[in-house]
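Working notes, beginning with the structure itself.
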Amino acid sequence: MKKCRGCGAVIQTESKDKEGYSINPDNDLCERCFRIKNYGDYKLVEKDNSSFLNILKKISDTNDLVVLVVDLFSISDRILDLTKYLNNDILLVLTKRDLLPLSLHDEKLLSYKNKLGINSVDEVIVSSNKNYNMDLLIDKINKYKKSSNVYVVGYTNAGKSTLINKLIYNYSDLECDITTSILPSTTLNTIDIKLNDELTLIDTPGILDSGNIFNFLNGKELKYITPSREIKPITYQIKNTQYIMIDKYAKVTTSDNNLTLFFANNLKIDRFYKDKETNLVKHSIKVDANMDIVISGLGFIKVTKKGIVDIYTLDGVDVYTRDSLI
Ligand SMILES: Nc1nc2c(ncn2[C@@H]2O[C@H](COP(=O)(O)OP(=O)(O)OP(=O)(O)O)[C@@H](O)[C@H]2O)c(=O)[nH]1
Ligand SMILES: [Mg+2]
């Protein structure tokens, strides 16, 4: 049984539409990974959560260390829906630090962990893109691992495979890299990466995130809305009822509040004094002072005063609140 080196799917030559398809059983990459890597051409694979949950259950039967990768951009206590399946020691890795304001102190982000209620042995903030804190991370992995196997888990798109690729590049002579992409469900099965005799990192497919906007957009649109560098927040002081359009993806309306918007810099954000017709779906959100409203996968809004904020966004996209991150 040969597995694709890019996504972990078992290589098969029978069914072009199923995962792991390759024209040649001896190829190292399935056709899907080959096309992602060489042409940026992504093929969505229909997945359900049961195979991922089975993997989590198997991990839970070991006492190996789990590196839990959480995307700082969309962090919330929903991560507990995943950790409830695990009995293992958890090293919490908060990634994509490069997207949040540089002026923010890492200590503040680290202390956010207490609000989530995650029981971790330690935590570290990293950015794979900027190669930030990788030495600290590998030291902590070596410190807390219980055996040579260390599992890397998290929601889909959190940045698990990108992180492992960085560790391969920094700390081994291996000439391989795992397939990564902007779309969900890139990794399809476990992938063992033996960094050295003492440490094997095991990449896993991410748990699905059904309310995330990435389920409703194509690759081109997703590239457009996904931040690729430090977000420059925009603050509006709202006195009477006003409307803010976040490109064509969301509309926000409230009266008498201060809103700070954290979205990709290239999104077109405008304020209006009259309502605009859209096909977006309304969520009336009751907020306390200093909360964030998260539009799953798109961005978040820091709200300073208690009140009601109406958020309109694409049908199916989750809108939820959390204690303010920043
Ligand atoms: N800005 C930024 N983007 C990152 C970082 N790490 C990963 N990404 C991006 O996040 C997206 C998802 O990355 P992957 O590594 O494929 O995520 P994954 O967790 O392996 O996803 P699945 O395999 O679907 O579970 C890609 O577009 C990456 O470029 C980071 O440190 N900073
Ligand atoms: Mg992956």
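Each number in our numbering corresponds to the 1-based position in the sequence shown with 166 added. Even for Gly, the Cβ is constructed at its ideal location relative to N, Cα and C.
*With a Cβ-Cβ cutoff of 8 Å, do residue 424 and residue 403 count as a contact?*
One-based indexing of the sequence shown puts residue 424 at position 258. One-based indexing of the sequence shown puts residue 403 at position 237. Remark: C-beta atoms of residue 424 and residue 403 approach each other more closely than 8 Å.
*Based on the DSSP secondary-structure assignment, which residues constitute the bridge partners of residue 226?*
For the purposes of this step, residue 226 is taken as residue 60 along the sequence shown, with counting starting at 1. Bridge partners of residue 226 according to DSSP: none are assigned.
*Can you give me the Cβ contacts of residue 380 inside the same chain, cut-off strictly under 6 Å, excluding the 5 residues immediately before and after it?*
Counted from its first residue, the sequence shown places residue 380 at position 214. If we look at residue 380 and ignore the five residues flanking it on each side, its Cβ neighbours are 350, 388, 463.
*From residue 226 to residue 420, what does the alpha carbon distance come to, in whole angstroms?*
Within the sequence shown, numbered from 1, the residue matching residue 226 stands at position 60. Within the sequence shown, numbered from 1, the residue matching residue 420 stands at position 254. Approximately 45 Å between the Cα atoms of the pair.
_For residue 173 and residue 471, what's the separation of their Cα atoms in angstroms?_
Position 7 of the sequence shown holds residue 173. Position 305 of the sequence shown holds residue 471. CA-to-CA, the gap between residue 173 and residue 471 works out to about 45 Å.
*For the stretch 325–335 against the stretch 356–376, are there 3 or more C-beta pairs whose distance is under 8 Å?*
In this structure the stretch 325–335 touches the stretch 356–376; the number of beta carbon pairs closer than 8 Å is three or more.
*asked:* If I measure Cβ to Cβ from residue 288 and keep anything under 6 Å in the same chain, skipping five residues before and after, which residues do I get?
replied: Residue 288 sits at position 122 when you count from the first residue of the sequence shown. Excluding positions up to five away in sequence, the list reads 257, 306.
*Got a sec, what are the start and stop residues for the beta strand (DSSP E) residue 452 sits in?*
Against the sequence shown, residue 452 aligns to sequence position 286. Its beta strand (DSSP E) spans residues 447–453.
*At what residue ranges does the stretch 208–267 contain a whole run of the alpha helix (DSSP H), taking only runs of 4 or more?*
Restricting attention to alpha helix (DSSP H) runs no shorter than 4 residues, the stretch 208–267 encloses them at 215–226, 246–249, ordered along the chain.
*Count the CB pairs spanning the stretch 449–462 and the stretch 476–483 that are closer than 8 Å, and state whether there are at least three.*
Yes: the two stretches touch, three or more of their Cβ pairs being nearer than 8 Å.
*Using DSSP with H/G/I as helix, E/B as strand and the rest coil, what is residue 457?*
In the sequence shown, residue 457 corresponds to position 291, counting from 1. The DSSP-derived three-state label of residue 457 is strand.
*Residue range of the beta strand (DSSP E) that residue 365 falls in?*
Indexing the sequence shown from 1 puts residue 365 at position 199. Unbroken beta strand (DSSP E) run through residue 365: 365–369.
_Cβ distance (whole Å) where residue 477 is taken to contact residue 427 below 8 Å_ = The count along the sequence shown starts at 1 and reaches residue 477 at position 311. The count along the sequence shown starts at 1 and reaches residue 427 at position 261. Residue 427 and residue 477 do not touch by the CB rule: their CB atoms are close to 12 Å apart, not below 8 Å.
*asked:* For residue 346 and residue 439, I'd like the C-alpha separation in whole angstroms.
replied: As a working mapping, residue 346 is identified with position 180 in the sequence shown. As a working mapping, residue 439 is identified with position 273 in the sequence shown. Answer to the nearest angstrom: the Cα atoms are 42 Å apart.
*May I have the straight-line CA-CA distance separating residue 302 from residue 309, to the nearest angstrom?*
Translated into the one-based positions of the sequence shown, residue 302 becomes position 136. Translated into the one-based positions of the sequence shown, residue 309 becomes position 143. Those two C-alpha atoms are separated by around 10 Å.
*Is it true that the CB of residue 255 sits closer than 8 Å to the CB of residue 236?*
Locating residue 236 in the sequence shown gives position 70, where the first residue counts as 1. Locating residue 255 in the sequence shown gives position 89, where the first residue counts as 1. In this structure, residue 255 does not lie closer than 8 Å to residue 236 by Cβ.
*Can you list, in chain order, the stretches of the beta strand (DSSP E) that have 3 or more residues and sit fully within the stretch 355–419?*
If only complete runs of 3 or more residues are kept, the stretch 355–419 shows the beta strand (DSSP E) at 357–362, 365–369, 400–404, 408–412, in order along the chain.
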